[in-house]
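Counted from 1, the sequence shown has number 649 at position 649 by full-length UniProt numbering; the numbering is strictly sequential.
C-beta atoms are modelled at their ideal positions from N, C-alpha and C, and glycine is treated no differently.
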Amino acid sequence: QVFTFNRVEIRIQPSVKVKNGAPMSIICHADISKNTDFQLMHNFTIFKDRKLVFMTISDKEDARYEIPVAKSSDTGDYECNVKADGKSSLSDSIYVWVAGMTKPILTADKKEVLEGEVVKLRCELPEEVPPLEFFFRKIKTNSTPKEKRVSEQNQNFSEVEYYIEEGDNILQFDCFAKRQVRSGLESSQHSNKTLVTVKEPFIKPTLITGPSSNVTEGDQIEFECSTVVAQMRDIEIILQKNRTILNSVRDKKFLKYSTVATQEDSGEYLCKVEQGAVSKTTKLNVFVSELFPKPTLSASMTKLDESKDLILSCSINGFRRANYSIVRKSSRADILLKNSRVLAMKVNVNDTGSYTCKAEVKGIVKESKPVRINVYAPVSKPTLSVVSGSPEVVLGKPLQLICHSVMGTPPITFTFYKGDEVKKNVTNDTYAMFLDEDIGLNDNGGYKCDARNNHSSGAKTSNILNVTVIVPIRDASLGSVPYGEVEVGSDTAFLCSVKEGSWPIDFKFFKKTDHEVLLHEVREYSDRTIWHKKTMKRKDTGTYYCMASNRASVEVRSRPITISVILAVWQKGVIAAFVLTAIAGAGALALWWFLRKKKKAKGPSMEMSGSALAPNLTSEKLTREPSDGNYYSGSGYIEDNENHTKSTDESKGPDLESAEVDYTEVDVSTLDPHREIDSVPIHFPAPEQKGTETVYSEIRKTNN
């Protein structure tokens with residue numbers, strides 16, 4: 001017995017879209033191939049949205065799941081699984097839409113309510129499944145329904161509360177619901193309408209005035225606000241004008257308020273009755289006729305010098321019978337000056353302030369607009385100074401000036417001048433500042449300021465302020481005499497100078513070592529200074545520089561110079577003489593030792609040939625080339641004087657001829673090419689030497 005699943009399919013009758021309330025069938029069919037005709041049991045399982053909804057076992061290849069009354073909750077994805085003898089096959093998924101929703105049911109917890117109370121509503125769809133979205137509507141005659149929206153994720157009903165407002169008489173409520181389907185939102189029918197009757201807890205209040213509707217300033221005016229209450233419980237009546245509460249009562253049906261009418265009492269009055277959350281109001285406009293106009297205060301002058309006379313007078317246009325008083329306004333309390341229409345006074349600075357007058361008729365007091373009186377003391381002569389204190393400024397830097405007047409009633413107007421040119425006007429109390437950012441080399445004076453106020457004496461002018469312009473140091477340089485090399489023991493003059501800068505200038509001389517060493521400092525009213533350093537020593541060899549500064553507080557450093565301290569000419573001569581003396585002594589000693597050795601060895605005494613050889617025994621012939629002035633040692637021989645007579649030569653006979661000739665080498669030192677003669681430096685280029693210069697001397701031995 002062999003079989004195989006060809007396919008499993010699922011079908012919906014009458015269609016995949018079913019109307020809510022209609023019957024619906026879900027059929028699962030298994031297409032199976034067998035090798036022989038044998039009976040096979042099938043296990044059918046139908047799922048909706050992957051949840052089991054139907055299961056049966058049959059030997060037939062079809063299974064039917066019947067839904068007599070389709071609901072919106074039956075909407076979803078259906079699929080079928082068939083198992084047989086260990087084998088199984090699953091159908092494709094099919095979407096079924098049950099169109100339409102059941103009609104919701106609406107109930108209210110009250111059929112009759114008072115204004116300010118709350119009614120609770122419940123909307124339910126018993127045959128639907130969440131999530132659902134509920135919509136409640138409050139329907140009032142001749143007005144747009146007020147709607148509330150509530151989402152329910154876990155239940156098929158919802159509850160809301162509606163507040164009953166003033167003016168809600170007969171109300172109707174209904175509800176409907178929506179759900180999300182694949183094609184969008186699907187809406188249900190509207191529920192039944194629920195009727196709710198509304199009763200007033202009290203009627204709208206009544207507001208009246210008395211004793212007459214025509215009110216004039218000074219009349220007694222009375223307000224009365226009343227209402228009719230269903231239940232005398234927590235009721236309150238309030239009388240207001242322009243948000244100001246004038247009077248209020250509790251647990252009473254009426255309120256009374258009276259006052260003497262003034263023109264300020266004209267306006268809108270409001271009577272409000274409150275009980276719980278319910279509030280009702282009534283408005284009334286009241287106009288109070290003017291008994292007399294406000295008085296007017298006039299002054300002979302509003303700006304005047306101290307010690308001048310001031311006259312204040314109070315009047316009412318077209319009305320003279322009144323009680324007048326003139327007062328001065330103060331932050332603490334008004335100061336009564338005189339109960340009269342006119343006030344005359346001699347003023348001083350302390351009388352500056354605001355003044356008003358008051359008029360009283362039939363108990364009604366009215367006050368005039370304030371009049372400002374300013375009394376001025378003259379300004380004192382201002383002083384002009386530099387803010388930093390010193391009357392000088394660095395070139396290129398801003399200059400800040402202050403003009404100050406000790407006396408004088410503010411406001412004071414200060415005027416700054418640079419030369420005859422007005423630079424700035426400033427109005428302040430006692431002083432003013434001026435910043436001059438355009439400082440040039442020629443700006444060495446000419447600043448002044450004026451001070452004036454409203455006093456008739458006019459402006460006062462300060463003294464002229466002369467300001468010194470400080471030019472900063474620029475380009476410091478250092479030199480020396482002699483420059484470069486200095487002999488030991490001699491003096492050196494160091495010259496430090498600047499290219500530009502205001503005097504005095506502080507000069508400082510330094511020598512560079514591991515740290516900076518200050519050697520000399522001086523203040524000069526000049527652009528240069530000379531420092532004489534006495535008796536230079538070898539340890540003074542090194543690098544020197546100078547620094548210059550002035551009141552601009554900027555130090556400028558020169559380039560460094562190098563000084564080498566060398567030996568003096570006489571010191572070189574002493575050393576040379578010492579060396580030559582040592583060499584000459586050593587040579588003489590060596591010659592003496594050599595001659596003595598020869599004498600002992602050969603017996604006969606030595607003498608130089610010729611009768612006059614003595615002066616020429618040790619002479620050397622020096623040759624000089626006049627073309628270049630170079631001096632150097634030449635070579636020659638010590639030989640017989642040409643003036644020797646033949647007779648002398650012959651008289652010596654064979655002794656001279658038989659005399660032996662010996663030669664000795666003598667080293668001659670080259671002259672120092674840089675020797676100074678008579679303190680005048682003369683440079684000698686050294687001749688080229690290729691080896692040791694040799695002087696040969698001829699020595700002949702004689703028997704004598």
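For N524, name the three-state secondary structure that DSSP assigns. According to the sequence provided, residue 524 is Glu. The question's Asn does not apply to it. Strand, per DSSP.
What three-state label does DSSP hand N350 in the structure shown? Looking at N350 - three-state DSSP - the assignment turns out to be helix.
If you draw a straight line from the C-alpha of T282 to the C-alpha of P211, how long is it? Within the model, the alpha-carbon separation for T282 versus P211 is close to 20 Å.
Counting C-beta neighbours from all protein chains within 10 Å, is the total for P382 16 or more, i.e. buried, or is it exposed? Buried: at least 16 other Cβ atoms inside 10 Å.
Please report the Cβ distance between D234 and V198, rounded to the nearest whole angstrom; I am assuming they are in contact, meaning their Cβ atoms lie under 8 Å. Between V198 and D234 the Cβ distance is about 19 Å, and since that is not below 8 Å, they are no contact.
If you count every other CB in all the chains shown that lies within 10 Å of the CB of Y163, and 16 or more means buried, which is it? Residue environment: Y163 is assigned as exposed (fewer than 16 neighbouring CB atoms within 10 Å of its CB, all protein chains considered).
Assign T415 to one of two classes, buried (16 or more other C-beta atoms within 10 Å of its C-beta) or exposed (fewer than that). The residue is buried, with at least 16 neighbouring Cβ atoms inside 10 Å.
Are V215 and V288 close, meaning C-beta to C-beta below 7 Å? Yes, these two residues count as a Cβ contact at 7 Å.
Of the residues H29, I105, Y257, I238, the one placed nearest S248, counting alpha carbons only: For the options H29, I105, Y257, I238, the alpha carbon positioned closest to that of S248 is the one of I238.
Expressed to the nearest angstrom, what Euclidean distance is found between the alpha-carbon atoms of Y376 and I221? The straight-line gap from Cα to Cα measures roughly 49 Å.
Can you list, in chain order, the residues of its chain with a C-beta nearer than 7 Å to that of D251? Leave out the 5 residues immediately preceding and following it. M232, I235.
Cβ-based burial, W593 [other Cβ within 10 Å; buried from 16]: Classification for W593: exposed.
Between L343 and S380, what straight-line distance do the alpha-carbon atoms span, to the nearest angstrom? Their backbone Cα atoms lie some 31 Å apart in a straight line.
Please return the same chain residues whose Cβ sits closer than 8 Å to the Cβ of M407, not counting the five positions on each side in sequence. The beta carbon of M407 lies closer than 8 Å to those of A377, P378, V379, S380 in the same chain, with the five residues before and after it left out.
Stretch pair the segment 347–364 + the segment 284–298: three plus CB contacts closer than 8 Å: Touching, per the Cβ criterion.
Neighbourhood of D265 by C-beta, 6 Å cutoff - its chain only, sequence neighbours within 5 removed: The beta carbon of D265 sits closer than 6 Å to those of V288, all from its chain and outside the five residues before and after it, given in chain order.
Just confirm the distance between the C-beta atoms of V196 and V113, as a whole number of angstroms; I'd bet it's less than 8 Å. Between V113 and V196 the Cβ distance is about 6 Å, and since that is below 8 Å, they are a contact.
Where V98 falls, given that 16 or more other Cβ within 10 Å makes a residue buried: Label assigned to V98: buried.
Suppose contacts are defined by Cβ-Cβ distances below 7 Å. Is I373 in contact with V387 by that definition? The beta carbons of I373 and V387 sit no closer together than 7 Å.
CA-to-CA distance, E306 to G419, given in whole angstroms: Rounded to whole angstroms, G419 to E306 spans 34 Å at the Cα level.
Give the single residue among L312, K362, T4, Q13 whose Cα lies nearest to the Cα of N35. Here the closest residue by C-alpha is T4.
Let me know if N20 comes out buried or exposed under the rule of 16 or more other beta-carbons within 10 Å of its beta-carbon. Label assigned to N20: buried.
Between which two residues does the beta strand (DSSP E) holding A493 run? Start and end: 492–500.
How many angstroms separate the CA atom of Y257 from the CA atom of P201? Cα-Cα distance, rounded: 25 Å.
Minimum length 3: unbroken beta strand (DSSP E) runs contained in the segment 524–584: As far as the segment 524–584 is concerned, its whole beta strand (DSSP E) runs of at least 3 residues are 528–533, 542–549, 561–566.
According to DSSP, what are the bridge partners of D77? According to DSSP, D77 shares a beta bridge with Y95.
I'd like to know if I326 contacts chain D, where contact means its C-beta is closer than 7 Å to some C-beta of that chain. Structure shown: chain D not included; a single protein chain is present.
Within its chain, find whatever has a CB closer than 8 Å to the CB of P410; leave out the 5 residues flanking it on each side and keep chain order. Correct list, in chain order: N428, D429, T430, N453.
Going by DSSP, what residue range makes up the beta strand (DSSP E) through Y324? In this chain, the beta strand (DSSP E) harbouring Y324 covers 323–328.
Check whether the segment 89–105 and the segment 6–23 are in contact - that is, three or more C-beta pairs closer than 8 Å. With the cut-off at 8 Å, the segment 89–105 and the segment 6–23 touch.
In its own chain, which residues sit with a C-beta less than 6 Å from the C-beta of E650, not counting the 5 before and 5 after it? Note that E650 scores 40 on pLDDT, short of 50, meaning its location in the model is unreliable; the coordinates nonetheless yield the value given after this. There are no such residues.
Please classify A451 as buried or exposed, where buried requires at least 16 other C-beta atoms within 10 Å of its C-beta. Buried is the call here.
Among V278, L291, R149, N285, whose alpha-carbon lies nearest the alpha-carbon of G218? Comparing alpha carbon positions, the residue from V278, L291, R149, N285 closest to G218 is L291.
Should P472 go down as buried or exposed, given a rule of 16 or more other Cβ atoms within 10 Å for buried? Taking all protein chains shown into account, P472 has 16 or more neighbouring C-beta atoms within 10 Å of its C-beta and is therefore buried.
Mind reading off the beta-carbon distance from S73 to E128? Whole number of angstroms is fine, and I expect it under 8 Å. For S73 against E128, the beta-carbon gap comes to about 6 Å, under 8 Å, which counts as contact.
One or two residues paired with N428 in a DSSP bridge: Per DSSP, the beta bridge partners of N428 are I412.
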